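**Student:** Here it is, the structure, as structure tokens.
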Amino acid sequence: MKPIVELFLTFFKIGLFTFGGGYAMISVVEDQCVERKKWITQEEMVQMTVLAESTPGPVAINAATYVGFQRAGLSGAAAATLGVVLPSFGVIFLISQFLEGFLEIPLIASAFQGIKLGVGVLIFRTGLQMALKAKMGPLAKGIFLASFLAMLAAGLFSLPVSSVALLVLAGILGFSVYWAKGAAK
Amino acid sequence: MIYLKLFLGFLKVGCFSFGGAYAAIPLIRDVVRGYGWMTEDQLAYMIAVSESTPGPIMVNLATFTGATQAGLAGAALATFAVVLPAFLVILLAATVLRRLMDSPGVQAVLKGLAPCVTGIILATGACMIVGSLSGPQGLDLPALVLTAVLAGVLLFSQKLLHKKISPILLILLSAGLGVLIYGLAPLLA
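Protein chains in written order, with our numbering: chain Y, 4 to 188; chain E, 4 to 192.
Structure representation (structure tokens):
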């Protein structure tokens, strides 16, 4: 199979099964691109996740563009991005045309109750695996714990903690420690 | 000109939506309310639909708004606009910024970001599970059973079969179990 066709089909599949936003998507991309196809390494996957988080746009688009470009240049990036967008485009377009009370259909509603939980479990596992696989020093461990607790508190008690602010702080902290080490030498 | 408005509106959403879909919702609200494309109720409904359909919420909302405002062409244009910034930024990062990405300073920043992203993801998963477990009357028992079953399947396949179950399979399984527990159980009772 031509690389761009394979990229398109793989990301079409990924797009079709990405419920619940970017973090759920990470586990599907990892499964397909790292474990099965071995297109990128585990380390590249983490780097890409960080890059996707710190750049604008949906993580799914960032990931497709990145992997597509690594595999087959510009046309690969375009094929993968088109593939990941197309399923949701088709589904939403159909919904907008035909289904008014899509979520009120009992069968669909109960299936999505299940999917919501499945997505939560998947995201939790993704975070757990990233934490276990990373070789974290004391600084990294501190940042990890602090951001975990801050986001947990934010979610459980609906506090206004923004993930963007946390990311900016963590980036500044990482750079300051590097800079301080350089200055000490 | 509706096409131009759709393109510019969703280009703005695509450019300034850092940190995932939920961070982008306030921005999307500004744009769709500002242009009068959706009422508050329609927006809340569409967020729920977007969560229940595949694909990023931002892309879903762009497709829906475009389709209701200007048909298939509008849907395609709004979707293209919301995707474009993410596509270009990553291309830039992968080509021009390649060397910059490898510089020690940028690596130091990334070293700070990586554990932060990990913490955010773990907390998001935990909050989603806890959120689904608390129903209107305290603990939602069916949800607890379902979560335990799904976590058990994951653990079982990993520890005993030494094979990771594919996330796609797990999502299909959770949909099936959802229909079984929430859809059929009330009929039998």
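Cβ coordinates follow ideal geometry from the N, Cα and C atoms, glycine included.
This structure is a prediction, so every number in the text was calculated from the model and none was measured.
Any idea which residues DSSP pairs Y:Ser-161 with across the strands?
**Tutor:** In the first sequence, residue 161 of chain Y corresponds to position 158, counting from 1. Answer is none; Y:Ser-161 lacks a bridge partner.
**Student:** Quick one: what does DSSP say E:Ser-160 is sitting in, helix, strand or coil?
**Tutor:** Position 157 of the second sequence holds residue 160 of chain E. Helix at E:Ser-160.
**Student:** Can you have a look at Y:Lys-5 and say buried or exposed, based on whether 16 or more other CB atoms are within 10 angstroms of its CB?
**Tutor:** On the first sequence, position 2 is the one that residue 5 of chain Y refers to. Result: exposed.
**Student:** Which residues in the same chain as Y:Ala-80 place their Cβ atom closer than 7 Å to its Cβ, once the five residues preceding and following it in sequence are excluded?
**Tutor:** Here residue 80 of chain Y refers to the residue found at position 77 of the first sequence. Counting only Cβ-Cβ distances below 7 Å, and skipping sequence neighbours, we find Thr-68, Gly-71, Phe-72.
**Student:** Using DSSP's beta-bridge definition, name the partner residues of E:Leu-142.
**Tutor:** The residue labelled residue 142 of chain E in the question sits at position 139 within the second sequence. In DSSP, E:Leu-142 forms a bridge with E:Ser-137.
**Student:** With 16 as the cutoff for other CB atoms within 10 Å, does E:Gln-140 come out buried or exposed?
**Tutor:** To locate residue 140 of chain E, count along the second sequence from 1; it is residue 137. Answer is exposed; the Cβ neighbour count stays below 16.
**Student:** What residues in the segment 141-172 of chain E bring their beta carbon closer than 8 Å to a beta carbon of chain Y?
**Tutor:** So the close ones are Ala-146, Leu-149, Thr-150, Leu-153, Ala-154, Leu-157, Lys-167, Ser-169, Pro-170, Ile-171.
**Student:** Just by C-beta distance, which residues in the segment 171-185 of chain E are closer than 9 Å to chain Y?
**Tutor:** Hits within the stretch, in order: Ile-171, Leu-173, Ile-174, Leu-175, Leu-176, Ser-177, Ala-178, Gly-179, Leu-180, Gly-181, Val-182, Leu-183, Ile-184, Tyr-185.
**Student:** Candidates E:Gln-45, E:Ala-70, E:Ile-93: which alpha carbon is nearest E:Thr-82's?
**Tutor:** Counted from its first residue, the second sequence places residue 82 of chain E at position 79. Considering only alpha carbons, the answer is E:Ala-70.
**Student:** Would you please state the rounded distance, in angstroms, between the beta carbons of E:Leu-153 and E:Leu-173? I believe it to be under 8 Å.
**Tutor:** Numbered from its first residue, the second sequence carries residue 153 of chain E at position 150. Numbered from its first residue, the second sequence carries residue 173 of chain E at position 170. The Cβ separation is near 7 Å, so the contact holds.
**Student:** At a CB distance below 7 Å, what residues from the segment 54-66 of chain E approach chain Y? Give them in sequence order.
**Tutor:** Cβ contacts with chain Y: Glu-54, Ser-55, Thr-56, Pro-57, Gly-58, Pro-59, Ile-60, Met-61, Val-62, Asn-63, Thr-66.
**Student:** Under 8 Å between beta-carbons, which chain E residues line up against Y:Val-53? List them in chain order, please.
**Tutor:** By 1-based counting over the first sequence, the position of residue 53 of chain Y is 50. Near Y:Val-53 (Cβ distances below 8 Å), the residues of chain E are Leu-113, Leu-116, Ala-117, Val-120.
**Student:** Just verifying my parser: in three-state terms, what is the DSSP assignment at Y:Lys-5?
**Tutor:** For the purposes of this step, residue 5 of chain Y is taken as residue 2 along the first sequence, with counting starting at 1. Coil.
**Student:** Give the residues of chain E in contact with Y:Pro-90, contact being defined as C-beta atoms less than 7 Å apart.
**Tutor:** In the first sequence, residue 90 of chain Y corresponds to position 87, counting from 1. Simply Pro-57, Gly-58.
**Student:** Quick one, which of Y:Tyr-26, Y:Pro-59, Y:Phe-22, Y:Leu-10 has its alpha-carbon nearest Y:Gln-35's?
**Tutor:** Mapped onto the first sequence, residue 35 of chain Y falls at position 32. Considering only alpha carbons, the answer is Y:Leu-10.
**Student:** In chain order, what residues of the same chain lie with their CB nearer than 7 Å to the CB of Y:Gln-45, ignoring the 5 residues before and after it?
**Tutor:** For this step, residue 45 of chain Y is matched to residue 42 along the first sequence. The answer, listed in chain order, is Val-37, Lys-136.
**Student:** Assign E:Thr-150 to one of three DSSP states: helix, strand, or coil.
**Tutor:** Sequence index remark: in the second sequence, residue 150 of chain E carries index 147 (1-based). Helix, per DSSP.
**Student:** Would you say Y:Trp-182 faces chain A, with C-beta separation under 9 Å as the test?
**Tutor:** Given the protein chain composition of this structure (Y and E), no chain A is represented.
**Student:** Rounding to the nearest angstrom, what Cα-Cα distance links E:Arg-32 and E:Val-86 in this structure?
**Tutor:** Here residue 32 of chain E refers to the residue found at position 29 of the second sequence. Here residue 86 of chain E refers to the residue found at position 83 of the second sequence. Their backbone Cα atoms lie some 18 Å apart in a straight line.
**Student:** Considering only C-alpha positions, which residue in the set Y:Ala-82, Y:Ala-156, Y:Ser-165, Y:Trp-182 is nearest to Y:Leu-12?
**Tutor:** Locating residue 12 of chain Y in the first sequence gives position 9, counting from the first residue. Nearest of Y:Ala-82, Y:Ala-156, Y:Ser-165, Y:Trp-182 to Y:Leu-12, Cα basis: Y:Ala-82.
**Student:** Using DSSP with H/G/I as helix, E/B as strand and the rest coil, what is Y:Ser-57?
**Tutor:** Within the first sequence, residue 57 of chain Y is the residue found at index 54, counting from 1. Coil, per DSSP.
**Student:** So what does DSSP say about E:Lys-166, is it helix, strand or coil?
**Tutor:** Reading the second sequence from its first residue, position 163 is the one you call residue 166 of chain E. Three-state result, E:Lys-166: coil.
**Student:** By DSSP, does Y:Lys-138 sit in helix, in strand, or in coil?
**Tutor:** On the first sequence, residue 138 of chain Y is found 135 positions in, with the first residue counted as 1. If DSSP states are grouped into helix, strand and coil, Y:Lys-138 belongs with coil.
**Student:** Round the Cβ separation of E:Leu-157 and Y:Arg-128 to the nearest angstrom and send it over; I've been treating them as touching at under 8 Å.
**Tutor:** As a first step, residue 157 of chain E must be located in the second sequence, where it is residue number 154. As a first step, residue 128 of chain Y must be located in the first sequence, where it is residue number 125. Yes, E:Leu-157 and Y:Arg-128 are in contact; Cβ-Cβ is about 6 Å, under 8 Å.
**Student:** For a test of the three-state rule: what should DSSP assign to E:Tyr-6, helix, strand or coil?
**Tutor:** Your numbering for residue 6 of chain E matches position 3 in the second sequence. Looking at E:Tyr-6 - three-state DSSP - the assignment turns out to be helix.
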